RNA sequence: GGAGAGAUGGCUGAGUGGCCGAAAGCGACGGUUUGCUAAACCGUUAUACGGGUUAAACCGUAUCGGGGGUUCGAAUCCCCCUCUCUCCGCCA
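Residue numbers (my numbering): 983 to 1415.
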């Protein structure tokens, strides 16, 4: 959520920054300014009225104590009317506030000044690349072919169980998935300073609002209903990412400055309806309704936000380096960034069988945008309450990592060579052909 | 799922209609005292919004789990909801 004071004081700056990300909706900002004005006007009136009512009420109390009943009754008649007026105005304020909030919750974050201007993914600058595209001495197979040959994933039965976009990992495939999860958690906790947490996979809607998923992207989530009780619909959702529960751990808290930075690392499955994406890359494992991911979340002091973002990207990159996978880091341009983010770096790993790069990580600094929504603050040494920066990054998404790993490390004989750091987890150095 | 108890400030805990943004204790912070530590003593100690100010000071409003109601006035009375605890049932 944007700071209403910022919108009030620098509306043109806000308009300009929103326009930069292609969300420049002048009408909305004007509406916000108008509602804000209305709200404050009504507030002033009602508060003044309440102050008077409180005053007279106190007097009534004093009169009652002195047993001056008639005088007290006279005052009561006087304040009764004020009470009715207060009720009306209170309702008015609540309505204006609700209207204002509805807009504010749908306005995306402002991109950081250093983010490249652009409209689409085609304009995302590449920041760096690591390694080279592997040159295989044979025509690389697609992960789909590999999975079928080595029986790592049973696509047909996954679809039978839950519909298209759901995977049934089998055998070495299941073990590889589990090994990767554990490898990632161990790496980030023991080498990168994160604290492991295991969150719920179903969250209340406030969590979704807190991270900026809702209300704008409500159609992308799986909603959960308890049995036949339709009244429970809209209360709980399957997590689209561990960010939803983990970033909200300290929602509505006031942290001590000494507690920061907080760094959490969490595995969770991720459930995405992918509404509107039907038919786009539906074959294979690249776009699915459920995938595993290890997520990194940081809550930090504002002045440390961008240093921490750099480190976060580095933590995710380390994964690919250890697994011997070629990748590039790109910065998302203003037009391609996610709703809550002020700056985002994506990591794209090379998948030889696809002949393309796959996004396996997205690392963002949302600054105080999410902290505002979830009312998460920290108290500075001087006693001031401030909103921290909240960062999130995939470290990393698994299904696509799985794809890149198979396609990169496939051997001429059809087996898959397991990268050194993963071998203890696989208890094998290759998946046999 | 059934029955009962409860939810008050950083914590413990008092408060059953006005004198209560809230006693007391603990903790924390500042100060006095002190060779050091400890103790003692004094003081301070929530949040948001609005007004005000260069910034403060300051003023107002709201907040005692959440929402609604009664009343001139609600932590206190009434209704609904959420959560926690105890017992029973069920269950991985």
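Cβ coordinates follow ideal geometry from the N, Cα and C atoms, glycine included.
These numbers come from a predicted model, not from an experiment.
Measure the C-alpha to C-alpha separation of residue 1272 and residue 1331 and round it to an integer number of angstroms.
20 Å
Just checking, does the segment 1377-1394 make contact with the segment 1100-1111 on the three C-beta pairs under 8 Å criterion?
no
Within 10 angstroms of the Cβ of residue 1106, are there 16 or more other Cβ atoms? Answer buried if so, exposed if not.
Label assigned to residue 1106: buried.
Assign residue 1248 to buried or exposed, taking buried as 16 or more other Cβ atoms, counted over all protein chains shown, within 10 Å of its Cβ.
buried
Helix or strand or just coil, what does DSSP make of residue 1333?
strand
Taking the C-alpha atoms as reference points, what is the distance between residue 1143 and residue 1129?
18 Å
Where do the ends of the beta strand (DSSP E) carrying residue 1371 lie?
The continuous beta strand (DSSP E) containing residue 1371 extends over residues 1371-1379.
Looking at C-alpha atoms only, which residue of 1079, 1404, 1402 and 1398 is the closest neighbour of residue 1134?
Out of 1079, 1404, 1402 and 1398, the CA that lies nearest to the CA of residue 1134 is found in 1398.
Can the beta-carbon of residue 1154 be found closer than 9 Å to that of residue 1303?
no
Once the 5 residues before and after residue 1257 are set aside, which same chain residues still bring their CB inside 8 Å of it?
1201 and 1202
Which of the three DSSP states, helix, strand or coil, is assigned to residue 1167?
In this structure, residue 1167 counts as helix in the three-state DSSP scheme.
May I have a chain-ordered list of the beta strand (DSSP E) segments no shorter than 3 residues that lie completely inside the segment 1096-1177?
1108-1112
Can you tell me whether residue 1388 is helix, strand or coil according to DSSP?
helix
Can you tell me where the beta strand (DSSP E) holding residue 1309 begins and where it ends?
1309-1313
Taking contact to mean 3 or more Cβ pairs, one atom from each stretch, closer than 8 Å, check whether the segment 1315-1333 and the segment 1342-1350 are in contact.
yes
What are the residues that DSSP puts in a beta bridge with residue 1327?
Answer by DSSP bridge pairing, in chain order: 1313 and 1345.
Along the chain, where does the alpha helix (DSSP H) containing residue 1296 start, and where does it finish?
1287-1304
Do the segment 1112-1125 and the segment 1023-1039 meet, that is, are 3 or more Cβ pairs less than 8 Å apart?
Result no; under three Cβ-Cβ pairs closer than 8 Å.
Skipping 5 residues on each side, what residues in its chain have a beta carbon closer than 7 Å to that of residue 1186?
1217 and 1218
In angstroms with no decimal places, state the Cα-to-Cα distance between residue 1291 and residue 1169.
18 Å
In the DSSP assignment, what residue or residues form a beta bridge with residue 1338?
1333
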